[in-house]
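Chains as they are written, first to last, in the numbering used here: chain A, 1 to 291; chain Z, 1001 to 1291; chain G, 2001 to 2291; chain E, 3001 to 3291.
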């Protein structure tokens, strides 16, 4: 790996530019990259990166989360011009490795001869993304709550990545945090982390704030009635979520569905996490190559 | 102290109502109070409190922060009707103790025959208020910063009440926190709390975020030039503050002056802190009486 | 489950008595138990427990870790008299459930007609045991180190249960903690927990203290030479451990093998964890029965 | 301050040698020192320091805590030979500044023509020393308690330097910590730090462990009867302490008087704290000189 590898950032928003900046910084330390951008107007292109000309052959191409738009174009919200999938294809050979988030079937079909990695499927990305998600959740809580997080009674349903990251931050605030999880092991971990635990049947109206992180319909009509209208309920679970928002409306429960927090609350960090994950995959591939 | 004491909440906003609610809760435990409200429209009066009729004699009267409006009226933003100082005076005798925040000279003169306590002068109130201030500061930071608090390089200038409370919360986020203080003792405390310390001359452009808590003009033109336009600067010091905002504007430094955070970020908690402080003063007086 | 269940604590040390006490306390809340002790001299029997007479039939029998001694006797270090396996067998029927830790083949054969649960195999027990292990490890560190844990540079190799519990406590001390783990996911978790990460090849002589928690020979002759004789090395991995102690002796590296810490540093807690785990298993069985 | 200053470490134990080593490290960064040792056998003298010959004139001389032995000799436990005060006096001029800990009247009289600083009187030293004291206290607790610090109910009486440092570490263990202090401000701080507070009259037998840090006789016969014999009581207050040990013996309360913890639990850190304090004093003097 003595020569510089060519990497193309193809489309996306601020996050992808910071992804590129991460590669540039990293390039001075270990892996060495030449970084190109496609699908960004000139004003967005940092001085250390090159503009894609269409004549290069790339080792790696990084697409955004949801890489396609209108079926045959790359998703390029920061560009006046469109870039078609075919333009990108011209800059690839059979060794080019593609990275993207949540590709649809069309994308997979277009690039079926190449190695396509969905970085959003990587566990380490989802673990690291739990932090900007948790910080975004804290932001919403401070906004919504008329009391301090300190001394608030807070319930977190689910104790996976987001539940753990969030509980850790809330402990620093001095909140009184309880975890509801069905997993015996997760309950043991919650105790080790000095958190309270409860069962689903224990949930009542005593909480100032509830975060749902479990992708299961826990907060149905009956449960919403139990928690009452003095509790703020923030759903952090991805679709279909864990809250019956229609019933919440009827019952006067203040329920908020917070999606896409990493990109909203910390776009630079979100971009760097994508880059860090891709870098790890590249390293893994290299290690396997020479092991 | 066997009989119930009569306490009047005279004017103010939501905070004062929660102050009253705190007395009510507390009343079931130790001190016993009958709680009256003046200067609030009926819809704001909780069921456990009485409406002031003008015929009671009160043991204690609680005024809001900045108690007067238009010189002779009580500051009553939650009421359609006005209440004059004279109406309140009729419900006092020489033993009535008055509590208020930051009274002006007029207020002092009106009530010069009574014991007037400025609760905003009490150290314990200011210590407890550091928490809602710090939470409000965290809220602004998450809003302004494109990166997570975690791993951010943060400087806090000053290490008094707010600096300490803020540093404690930021440690829970995993921020890299440095304290700038001239006091040798404060530096030792910062080290004990596992924080970095630096001197004024060490401040540079390496910080993602700077909180000023010191009531001194630290961030003048020269210093603002040193920290540069990539740093976000949040001034938490009360007037006159510690930032030359005019120069900040010229130099393109993003500077935010955040005042009155406790009341904004957590009005219930802010009201409870006022109540807790007053309760402490009442207890102290009682202890002295019988000691 | 309306009737009281009969439970026998058969042999073991202080931990088993505290296991029984936990059942007694718990008995007042949910599950209801009559608790008997066998294999303890009278002076050890708490007033709320009964002495085993040989005439009862038990629903549950709890044996210690390593339940047998001399092949046919129960391991009873707190008793002058011996109890044979056959005496216990008389008090069982086919529904009796047996709990023990690390049974050998003989034990399994003796009780092959009954349901035998090895509580030491339960993940939740091992998670909870990580805490007394970590506290015991901290105890040894303070004893051995001529500097404070605060500001010490500490490496933890492995980031499983013990590594996580230990890192969490050391953060509270203000230590500078680095995690060495090969797992990409564990590295992501370590970052989320605000810890540094490194690779095996990065390990050098800069650490004041190293805890090994990985059951793999990481600290062989070459690695011990790298860490040098100024570092204290504490091996918390169960047999065969992760340190070449012979080479450590030759190279003058201070290496300590710390085994069985939960029972040593906190016998009451260790007994309660066994009880808590057994209670969970009993509950699980009950739930399944009626589900 | 361009020339190297001459500093003499005169007597003391390991702490003083580490004090010298700190000056040496520091010497490469800011202040520049030539470091000499007196009162240590040759084998203790590190390679970067010189042996005192009796012919130098020193700018600074550092004596140990309790600097004299047998009235006219320096306290030199690490030396076979004695050094008299007169030998030291020959190496001073009127500008030589002396540092020592807790000098007696004789010492003051001997050196009454020079500037003598008692570093043990400096607040920053006592703040920094709270950390090794707290770590030593944790060590004793783990040794004495049959349960984990996690989940233990712990009372700290007094909330000064040691109380704060100790509470901070115990929070990291997940202990349930209550502070008893008479100061209203300290109570407010304890709440900000997410600790419980109680009054003297609330102390009862519910604590697993009590640390006394207040230099006042709190634990007299009556109080010891209230806390009972199941609680472990560790007195960290310097003489005369806060526990009636005679009554504790009669009542069967396990009470431990832990003195001199910094030097015992972390001699290197204790020495570095002395050096850091002296360095601060020297810097202060220099600043004043040129300001």
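Using N, Cα and C, we set each Cβ at its ideal position, and we do this for glycine too.
Since the model is a prediction, treat every value here as computed from it, not as a measurement.
Would you verify that the beta carbon of residue 3266/E is, or is not, closer than 8 Å to some beta carbon of chain G? It does: the Cβ of residue 3266/E has a partner Cβ on chain G nearer than 8 Å.
Touch check for the region 115–123 of chain A and the region 252–260 of chain A: three-plus C-beta pairs under 8 Å? Taking a contact to require three or more Cβ pairs closer than 8 Å, the region 115–123 of chain A and the region 252–260 of chain A do not qualify as touching.
I'd like the list of long-range same chain contacts for residue 1244/Z, defined as Cβ closer than 8 Å, with 5 residues on each side in sequence excluded. 1217, 1219, 1220, 1221 and 1224.
Min CB distance residue 2274/G to chain E below 8 Å: Chain E contact via Cβ: absent.
Answer with yes or no whether the minimum CB distance from residue 3103/E to chain G is below 8 Å. Under the 8 Å criterion on CB atoms, residue 3103/E is classed as non-interfacial with respect to chain G.
Under three-state DSSP, which class holds residue 2154/G? Residue state, collapsed to three classes: strand.
When burial is assigned at 16 or more other CB atoms within 10 Å of the CB, is residue 2132/G buried or exposed? By the neighbour-count rule (16 or more Cβ atoms within 10 Å), residue 2132/G is buried.
Report the residue from 1181/Z, 1025/Z and 1191/Z whose alpha carbon sits nearest the alpha carbon of residue 1203/Z. Comparing Cα positions, the closest option is 1181/Z.
Residue 2125/G and residue 2058/G closer than 8 Å at C-beta: Contact flag unset, no.
Chain Z within 8 Å of residue 173/A, Cβ atoms only: For residue 173/A, the nearest CB of chain Z lies under 8 Å from its own CB, placing it at the interface with that chain.
Among 1280/Z, 1250/Z and 1276/Z, which has the Cα closest to the Cα of residue 1016/Z? For residue 1016/Z, the closest alpha carbon among the candidates 1280/Z, 1250/Z and 1276/Z is that of 1276/Z.
What residue range does the beta strand (DSSP E) around residue 3178/E cover? That run of the beta strand (DSSP E) goes 3176–3180.
Give the C-beta separation of residue 994/Z and residue 1209/Z to the nearest angstrom, bearing in mind that I take them to be a contact with Cβ-Cβ under 8 Å. Given a span of 1001 to 1291 for chain Z in the structure shown, any question on residue 994/Z remains unanswerable.
How would you write the range of the alpha helix (DSSP H) that residue 2160/G sits in, first residue to last? For residue 2160/G, no alpha helix (DSSP H) segment is defined, and its DSSP state is neither H nor E.
Could you spell out where the alpha helix (DSSP H) holding residue 2024/G opens and where it closes? First-last of the alpha helix (DSSP H) with residue 2024/G: 2014–2027.
Separation of residue 63/A from residue 37/A, as counted between CA atoms: Each residue's Cα considered, the two are about 11 Å apart.
Starting from the Cα of residue 99/A, find the closest Cα among 60/A, 265/A, 83/A and 160/A and give me that residue. Closest by C-alpha distance to residue 99/A, out of 60/A, 265/A, 83/A and 160/A, is 60/A.
What's the gap between the Cα of residue 242/A and the Cα of residue 2183/G? Their backbone Cα atoms lie some 31 Å apart in a straight line.
Can you say whether residue 164/A is buried or exposed, counting buried as having 16 or more other CB atoms within 10 angstroms of its CB? That one is buried.
Residues of chain Z with a CB under 7 Å from the CB of residue 3184/E: which are they? Neighbours of residue 3184/E on chain Z, chain order: 1124 and 1280.
Take residue 2988/E and list the residues in its own chain whose beta-carbon comes closer than 6 Å to its own, dropping the five residues that flank it on each side. The requested residue 2988/E does not occur in the structure, where chain E is confined to residues 3001 to 3291.
Please look up how many angstroms separate the CB atoms of residue 2105/G and residue 2068/G, rounded, as I've assumed it's under 8 Å. No, residue 2105/G and residue 2068/G are not in contact; Cβ-Cβ is about 10 Å, not under 8 Å.
Can the beta-carbon of residue 1127/Z be found closer than 8 Å to that of residue 1161/Z? In contact: residue 1127/Z and residue 1161/Z (Cβ atoms closer than 8 Å).
Going by the beta-carbon positions, is the gap between residue 1149/Z and residue 1140/Z smaller than 8 Å? For residue 1149/Z and residue 1140/Z, no; Cβs fall outside 8 Å.
Can you tell me which of the three DSSP states residue 3115/E falls into? Residue state for residue 3115/E is assigned as strand, using DSSP reduced to three classes.
Same chain, Cβ closer than 6 Å to residue 77/A, neighbours up to 5 away in sequence not counted: Cβ within range, chain order: 13.
Is the Cβ-Cβ distance between residue 1266/Z and residue 1237/Z less than 8 Å? Not closer than 8 Å, so no.
Residue 227/A versus 239/A, 240/A and 211/A, residue with shortest Cα-Cα distance: Ranking 239/A, 240/A and 211/A by Cα distance to residue 227/A puts 211/A first.
Tell me which residues of the region 3129–3149 of chain E have at least one Cβ-Cβ distance to chain G shorter than 8 Å, keeping chain order. Residues passing the 8 Å Cβ filter: 3131, 3132, 3135, 3136, 3138, 3139, 3142, 3143, 3145, 3146, 3147, 3148 and 3149.
Can you list, in chain order, the stretches of the beta strand (DSSP E) that have 3 or more residues and sit fully within the region 3217–3251 of chain E? If we require 3 residues or more, the beta strand (DSSP E) runs fully inside the region 3217–3251 of chain E come out as 3232–3235.
Going along chain E in order, which residues have a C-beta closer than 7 Å to the C-beta of residue 2169/G? Going along chain E in sequence order, the residues near residue 2169/G (Cβ under 7 Å) are 3172 and 3173.
Which partner residues of residue 3035/E appear in the DSSP bridge assignment? DSSP output for residue 3035/E lists 3007/E as bridge partner(s).
Classify residue 2292/G as helix, strand or coil using the three-state DSSP reduction. There is no way to answer for residue 2292/G, as the model of chain G reaches only from 2001 to 2291.
Kindly indicate the opening and closing residues of the alpha helix (DSSP H) around residue 3046/E. Premise fails: residue 3046/E is in no alpha helix (DSSP H) and is neither H nor E.
Find out if the Cβ-Cβ distance for the pair residue 1101/Z, residue 1066/Z is shorter than 8 Å. Against a cut-off of 8 Å, the Cβ pair of residue 1066/Z and residue 1101/Z comes out as a contact.
Going straight from the alpha carbon of residue 1052/Z to that of residue 1083/Z, what length do you get? Here the alpha carbons of residue 1083/Z and residue 1052/Z stand approximately 11 Å from one another.
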